[in-house]
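A.B. asks: Chains as they are written, first to last, in this note's numbering: chain A, 1 to 226; chain B, 1001 to 1226.
Just so you know, even glycine gets a beta-carbon here, dropped at the ideal spot from N, CA and C.
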DNA sequence: CCCTTTCTGGAGTGGTGATTCCATTCTGTG
DNA sequence: CACAGAATGGAATCACCACTCCAGAAAGGG
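1) Measuring CB to CB, does residue 1157(B) end up less than 9 Å from residue 131(A)?
2) Is there a Cβ from chain B that is less than 9 Å from the Cβ of residue 32(A)?
3) To the nearest angstrom, how far is it from the Cα of residue 53(A) to the Cα of residue 37(A)?
4) Looking at the C-beta of residue 1158(B), does it have a partner C-beta in chain A at a distance below 9 Å?
5) Confirm, please, whether the CB-CB distance from residue 1084(B) to residue 1155(B) is below 9 Å.
6) Classify residue 1017(B) as buried or exposed, calling it buried when 16 or more other Cβ atoms lie within 10 Å of its own Cβ.
7) Answer with yes or no whether the minimum CB distance from residue 189(A) to chain B is below 9 Å.
8) Can a CB atom of chain B be found closer than 9 Å to the CB of residue 135(A)?
9) Identify the continuous alpha helix (DSSP H) that holds residue 1199(B) and give its terminal residues.
10) Within its chain, find whatever has a CB closer than 7 Å to the CB of residue 80(A); leave out the 5 residues flanking it on each side and keep chain order.
11) Within the same chain, show all residues whose beta-carbon is closer than 8 Å to that of residue 1051(B), passing over the 5 residues directly before and after it, in chain order.
12) For residue 1(A) and residue 181(A), I'd like the C-alpha separation in whole angstroms.
13) Among residues of its own chain, excluding the 5 on either side of residue 1208(B), which ones have a beta-carbon nearer than 6 Å to its beta-carbon?
14) For residue 1108(B) versus residue 1087(B), is the C-beta spacing smaller than 9 Å?
15) Of all the alpha helix (DSSP H) runs that stay within the bounds of the segment 28 to 86 of chain A, which reach a length of 4 or more residues?
16) Have a look at 1063(B), 1163(B), 1175(B) and 1190(B) and flag the residue whose alpha-carbon is nearest the alpha-carbon of residue 128(A).
17) Using a C-beta to C-beta distance shorter than 8 Å, which residues of chain A count as neighbours of residue 1207(B)?
18) Determine which residues share a DSSP beta bridge with residue 1164(B) and list them.
19) Let me know the secondary structure DSSP gives residue 1190(B) once reduced to three states.
20) Contact check, residue 227(A) vs residue 104(A) under 8 Å by CB: the rounded distance?
21) Run the CB neighbour count on residue 1300(B), radius 10 Å, all protein chains shown included, and call it buried at 16 or more, exposed below.
22) Since residue 1042(B) contacts residue 1078(B) with CB under 8 Å, what's their CB separation in whole angstroms?
23) Taking Cβ positions, are residue 136(A) and residue 1199(B) nearer each other than 9 Å?
24) Output needed for residue 1090(B): all residues of its chain with C-beta closer than 8 Å, excluding positions within five of it in sequence on either side, in chain order.
25) Considering only residues of the same chain and omitting the five flanking positions on each side of residue 211(A), which have a CB-CB separation below 6 Å?
26) Look at the alpha carbon of residue 1070(B) and the alpha carbon of residue 1139(B), and state the distance between them as a whole number of angstroms.
27) For residue 67(A), count neighbouring C-beta atoms within 10 Å of its own C-beta (all shown protein chains included) and say buried if the count is 16 or more, exposed if not.
28) Under three-state DSSP, which class holds residue 1124(B)?
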């Protein structure tokens, strides 16, 4: 499930040979950098902060990474792993309305427990780095693509089982769900209140439910929990 | 329709007395700063860039603004004006499915014409500044609140006319629509492709249409344009 | 156990960018 | 038309931060 958080091409400045110890140090740097960059911002995180948080010396960072942008690229990959892991195991089995509603509750609870501060790790990085160069943008797009795939696979399973109408499009619905989540989290983050993300997710899930083949009572309201 | 782009409290360092010329200069600074900060980023915009773009001298900026954060606050207000104006006149009359679909087409076209680069001005600022202090966050929340109000008013009009079912919630739908737009634009910006924002908006609009009182054919698919 | 390669510490350093200072020129008002 | 306050230019300051250098310690393979 984990993606390598290497950078794809021409990345670490060092020969591809990493000692066991070296791997551990590199991982500690990425982890510390991710934590700092996610909770504050990329621009606001100085290499010296990373150095201190990772417990390494200044030269280590440049031993393992070409420069700050290269470190940021590694952080994006790592953040994707963190986000996807935080949604397991439910993210892996999103193939029923019940599972989708449970996932919704899970991500809402995740935000609530942080008082809506910080938003989505991947979304925050995206907001800051979307125009910071093609390599960062590509890494972010790849991260979201992994996420979207997980959502789409669940919906596709439902579709193939005949639980979704033939005119439903799992890919479109997966994109809509991911967009609703990201936009909802952003607004929730600004307002420090989960209402926006709940509204966005529930509205999208209600739409999906209206596309199921056994819609139960034909109320437009679907079968929301409370 | 315009909000003052002053900062709310303790802002410009200068006595509240602004000459006609001073007002013009201040406006030029905010406008130039907004353009730069929106198209690249806040952190990536140097005061010297603003100075050059506005055609003023370095001291002017600090004559009209306490410091960079104060300038950023003014930029947020200005960006809100720009975004809302760019959606007029359709944003002011979002009280029918046809108008909502037209608005959807308009915002999609806006992105397409920029090749999805830059995203939403207000959304980009939000992504970068959401955790950059309460004053910036408050200013962003206020900007989005203005936007949400415009959406909600249209939906409320529909509701009061009886065009939406009693169990529809205009406020919730307005939030969902704004979230879908923001999340959709973000994903579209990363992929340089309008598909995500179209998916997000269409899915939400279909949901709203399913809550109208004269739903036409009971297909779950609503009456999308093409 | 030797020798090459990797890893580590920590003191620089060079460039950048926000902010200040002050002298000078305008603006508007009594 | 004088003068108080506002606006302007631009050089100077000053902190900060990404990144470099080099010398020495650890690793690991033959």
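C.D. replies: With the given structure in hand:
1) Here residue 1157(B) corresponds to residue number 157 of the second chain, with the count starting at 1. Here residue 131(A) corresponds to residue number 131 of the first chain, with the count starting at 1. No, Cβ-Cβ distance for residue 1157(B) and residue 131(A) is not below 9 Å.
2) Position 32 of the first chain, counted from the start, is the residue given in the question as residue 32(A). Not an interface residue.
3) As a first step, residue 53(A) must be located in the first chain, where it is residue number 53. As a first step, residue 37(A) must be located in the first chain, where it is residue number 37. About 12 Å.
4) As a first step, residue 1158(B) is located in the second chain; it is residue number 158 there, counting from the start. It does not; no Cβ of chain A falls within 9 Å.
5) Taking the first residue of the second chain as 1, we reach residue 1155(B) at position 155. Taking the first residue of the second chain as 1, we reach residue 1084(B) at position 84. Their beta carbons are not under 9 Å apart, which means residue 1155(B) does not touch residue 1084(B) by this criterion.
6) In the second chain, counting from the first residue as 1, residue 1017(B) sits at position 17. Residue 1017(B) should be labelled exposed.
7) Counting from 1 along the first chain, the entry for residue 189(A) is found at position 189. Residue 189(A) counts as touching chain B.
8) For the purposes of this step, residue 135(A) is identified with residue 135 of the first chain, where counting begins at 1. Closer than 9 Å: no.
9) Translated into the one-based positions of the second chain, residue 1199(B) becomes position 199. Its alpha helix (DSSP H) spans residues 1195 to 1210.
10) Residue 80(A) sits at position 80 when you count from the first residue of the first chain. Around residue 80(A): 3, 122, 143 and 146.
11) In the second chain, counting from the first residue as 1, residue 1051(B) sits at position 51. Cβ neighbours of residue 1051(B) beyond the five flanking positions: 1057, 1058, 1060 and 1061.
12) Residue 1(A) sits at position 1 when you count from the first residue of the first chain. Residue 181(A) sits at position 181 when you count from the first residue of the first chain. Only weak support is given to the placement of residue 1(A): the predicted model assigns it a pLDDT of 45, under 50, and the question is left unresolved by the model.
13) Numbered from its first residue, the second chain carries residue 1208(B) at position 208. Here the set comprises 1173.
14) Residue mapping note: residue 1108(B) aligns to position 108 of the second chain, counting from 1. Residue mapping note: residue 1087(B) aligns to position 87 of the second chain, counting from 1. No, they are not a contact pair.
15) 47 to 54, 58 to 64 and 68 to 86
16) Residue numbering aside, residue 128(A) sits at position 128 when the first chain is read from its first letter. The shortest C-alpha separation from residue 128(A) is found at 1190(B).
17) The count along the second chain starts at 1 and reaches residue 1207(B) at position 207. Here the neighbours are 203, 204, 206, 207 and 210.
18) Numbered from 1 along the second chain, position 164 holds the residue referred to as residue 1164(B). DSSP lists 1212(B) as partners of residue 1164(B).
19) For this step, residue 1190(B) is matched to residue 190 along the second chain. Three-state result, residue 1190(B): helix.
20) There is simply no residue 227(A) to check, as chain A begins at 1 and stops at 226 in what is shown.
21) One cannot answer for residue 1300(B) here, as it falls past the ends of chain B, which runs 1001 to 1226.
22) On the second chain, residue 1042(B) is found 42 positions in, with the first residue counted as 1. On the second chain, residue 1078(B) is found 78 positions in, with the first residue counted as 1. Actually they are not in contact, since the Cβ atoms of residue 1042(B) and residue 1078(B) sit about 13 Å apart, beyond 8 Å.
23) Locating residue 136(A) in the first chain gives position 136, counting from the first residue. Locating residue 1199(B) in the second chain gives position 199, counting from the first residue. Contact flag unset, no.
24) One-based indexing of the second chain puts residue 1090(B) at position 90. Contacts found: 1099, 1102, 1103 and 1106.
25) In the first chain, the residue the question calls residue 211(A) occupies position 211. So the list reads 164, 165 and 168, once near-sequence residues are dropped.
26) Numbered from 1 along the second chain, position 70 holds the residue referred to as residue 1070(B). Numbered from 1 along the second chain, position 139 holds the residue referred to as residue 1139(B). So the two alpha carbons sit approximately 11 Å from each other.
27) Mapped onto the first chain, residue 67(A) falls at position 67. Classification for residue 67(A): exposed.
28) As a working mapping, residue 1124(B) is identified with position 124 in the second chain. Three-state DSSP puts residue 1124(B) in a helix.
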